[in-house]
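Novice: Protein chains in written order, with our numbering: chain A, 1 to 212; chain B, 1 to 10. Ideal Cβ positions, reconstructed from N, Cα and C, are used throughout, including at glycine. This is the structure I have questions about; it appears just below.
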Amino acid sequence: MNVFRLTGDLSHLAAIIILLLKIWKSRSCAGISGKSQILFAVVFTTRYLDLLTSFISLYNTSMKLIYIGCAYATVYLIYVKFRATYDGNHDSFRVEFLVVPVGGLAVLINHNFSLMEILWTFSIYLESVAILPQLFMISKTGEAETITTHYLFCLGLYRALYLLNWIWRYYFEGFLDMIAIFAGLVQTVLYCDFFYLYVTKGGKDRKKVMLP
Amino acid sequence: CPIGAKKDEL
């Protein structure tokens with residue numbers, strides 16, 4: 001555990017909580033892609049199957065349970081509790097175009113050809129592109145609420161901090177996971193355009209961020 | 001541990 005890893009995890013947690021609270025307080029999931037949230041729930045489920053097989057630390061186990069719990073709570077709020085506010089017409093990204101290639105890639109390129117390892121690899125690849133339905137939705141409607149941009153910023157920052165964590169671990173521990181690093185790079189790059197807009201248009205009198 | 005085998009990350 002190093003400072004980048006910890007702040008990355010906390011940034012990830014902050015993103016998840018921000019989104020949950022936003023939906024809960026406003027009683028609405030307008031502008032939020034339910035498809036992205038389903039993908040994140042799938043990501044956590046397939047990655048944290050090792051909760052059943054191995055114990056790493058109390059921190060590890062509790063964070064995994066919190067991430068999974070919040071992911072399903074978010075999906076529940078969008079598709080059940082506040083379903084009437086869900087913007088399904090604008091959430092039109094075809095997720096099979098992500099899940100199928102990512103599944104194929106996980107079977108082809110993995111550390112070990114076993115079910116658990118392939119599912120872990122699948123979750124790493126899927127996470128890197130799971131935000132695309134959300135970004136697609138924002139580009140389609142042309143706007144995002146400020147709180148949604150905070151969510152996206154924290155979510156993007158998390159993987160960027162993980163990249164620094166991997167550089168740290170390579171130098172000090174000799175640890176190198178090319179699958180995680182490659183997917184983490186792709187994931188971070190997808191947020192770069194958004195980061196730029198978040199910083200440059202994050203003015204004081206801003207209510208909404210327009211994306212191209 | 002072998003490369004990539006230790007899944008202590010989230």
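CB Val43 of chain A to CB Ala130 of chain A, shorter than 9 angstroms?
Specialist: Numbered from its first residue, the first sequence carries residue 43 of chain A at position 43. Numbered from its first residue, the first sequence carries residue 130 of chain A at position 130. Result yes, Cβ atoms of Val43 of chain A and Ala130 of chain A sit closer than 9 angstroms.
Novice: With respect to the alpha helix (DSSP H) encompassing Asn165 of chain A, which residues constitute its N-terminal and C-terminal limits?
Specialist: Taking the first residue of the first sequence as 1, we reach residue 165 of chain A at position 165. Taken as a continuous stretch (DSSP letters only), the alpha helix (DSSP H) holding Asn165 of chain A covers 146-173.
Novice: Where does Met178 of chain A fall in DSSP's three states?
Specialist: Along the first sequence, one-based indexing puts residue 178 of chain A at 178. Note: Met178 of chain A maps to helix in three-state DSSP.
Novice: Jot down the residue ranges of each uninterrupted alpha helix (DSSP H) in the region 3-89 of chain A, minimum 4 residues, whole runs only, in chain order.
Specialist: Runs found: 3-26, 34-47, 58-76.
Novice: Mind reading off the beta-carbon distance from Leu190 of chain A to Ser11 of chain A? Whole number of angstroms is fine, and I expect it under 8 angstroms.
Specialist: Along the first sequence, read from residue 1 onward, the residue named residue 190 of chain A stands at position 190. Along the first sequence, read from residue 1 onward, the residue named residue 11 of chain A stands at position 11. The Cβ separation is near 16 angstroms, so there is no contact.
Novice: According to DSSP, is Pro2 of chain B part of a helix, a strand, or is it coil?
Specialist: Indexing the second sequence from 1 puts residue 2 of chain B at position 2. At Pro2 of chain B the pLDDT is 46, less than 50, meaning the model places this residue with poor confidence; the figure from the coordinates comes in the next sentence. Here Pro2 of chain B sits in coil by DSSP.
Novice: Are at least three pairs of beta-carbons, each pair with one atom in the region 183-198 of chain A and one in the region 122-129 of chain A, less than 8 angstroms apart?
Specialist: They touch, by the three-pair rule.
Novice: Which residues in chain B have a C-beta closer than 8 angstroms to the C-beta of Asn60 of chain A? List them in chain order.
Specialist: Against the first sequence, residue 60 of chain A aligns to sequence position 60. Within chain B, the C-beta atoms nearer than 8 angstroms to that of Asn60 of chain A come from Asp8, Leu10, in chain order.
Novice: Hey, how far is the Cα of Leu132 of chain A from the Cα of Leu115 of chain A?
Specialist: Position 132 of the first sequence, counted from the start, is the residue given in the question as residue 132 of chain A. Position 115 of the first sequence, counted from the start, is the residue given in the question as residue 115 of chain A. Approximately 26 angstroms, taken between the alpha carbons.
Novice: Between which residues of its own chain and Val102 of chain A is the CB-CB distance below 6 angstroms, once the five residues before and five after are set aside?
Specialist: One-based indexing of the first sequence puts residue 102 of chain A at position 102. Taken in chain order, the residues that qualify are Tyr125, Leu126.
Novice: Quick one: is Asn2 of chain A near chain B, going by C-beta distance under 9 angstroms?
Specialist: The count along the first sequence starts at 1 and reaches residue 2 of chain A at position 2. No, no contact with chain B.
Novice: For a cutoff of 9 angstroms on Cβ pairs, would you count Ile3 of chain B as touching chain A?
Specialist: Translated into positions along the second sequence, residue 3 of chain B becomes position 3. Because the pLDDT of Ile3 of chain B is 48, which lies under 50, any placement of that residue in the model is unreliable, and the number read from its coordinates should be weighed accordingly. Interface residue, yes.
Novice: Touching or not, the region 146-162 of chain A and the region 5-19 of chain A, by the rule of three or more beta carbon pairs under 8 angstroms?
Specialist: yes
Novice: Decide if Gly142 of chain A is buried, meaning its Cβ has at least 16 other Cβ atoms within 10 Å, or exposed.
Specialist: Translated into the one-based positions of the first sequence, residue 142 of chain A becomes position 142. Counting Cβ neighbours within 10 Å, Gly142 of chain A comes out exposed, since fewer than 16 surround it.
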